[in-house]
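Asks:
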Amino acid sequence: MEQNIKDALEKIRPYLQRDGGDVEFVDYTEDKTVRIRLLGHCAGCPHAQATIKGGIERLLKEAYPEIGCVEAVG
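First residue of the sequence shown: 921, per our numbering; consecutive thereafter.
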C-alpha cells in the first residue's frame with residue numbers, strides 16, 4: 921500500500937510544485953492514516969489544510985477507498 925500511495929503522490933506533486941510547494945510521504949499507519957509532510961510554500965500556506973483534505977485526501981481515497989484519512993506532520 922505504501923508504494924501505491926507514493927505513486928499517487930507523484931501524480932499530485934507537479935500541481936504543488938508549480939506553486940513552489942511539494943509533498944513528502946511519511947507513513948501509512950495501522951489505522952489507515954496517511955501521514956504526509958508539506959514542503960516549500962505549501963508548508964506555511966494558510967490554505968494547506970484545504971489542500972490536504974480537499975485535494976490530496978480526496979484523490980488518495982478515490983484511488984484507494986481503504987484509506988481512512990490524510991494528516992500533515994511537522
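We treat Cβ as the ideally placed atom computed from N, Cα and C, and that holds for glycine.
1) What does the alpha-carbon distance come out to for the pair Cys-989 and Asn-924?
2) Buried or exposed: where does Val-993 fall if 16 or more other Cβ atoms within 10 Å of its Cβ makes it buried?
3) Beta-carbon separation of Glu-922 and Tyr-948 under 8 Å?
4) Hey, out of Leu-979, Val-946, Glu-986 and Asp-942, whose CA is closest to Ala-968's CA?
5) For Thr-953, count neighbouring Cβ atoms within 10 angstroms of its own Cβ and tell me buried if that reaches 16, exposed if not.
6) What does DSSP give as the partner residues of Leu-959 in its beta bridges?
Replies: Result, derived from the coordinates:
1) 15 Å
2) exposed
3) yes
4) Asp-942
5) exposed
6) Asp-942
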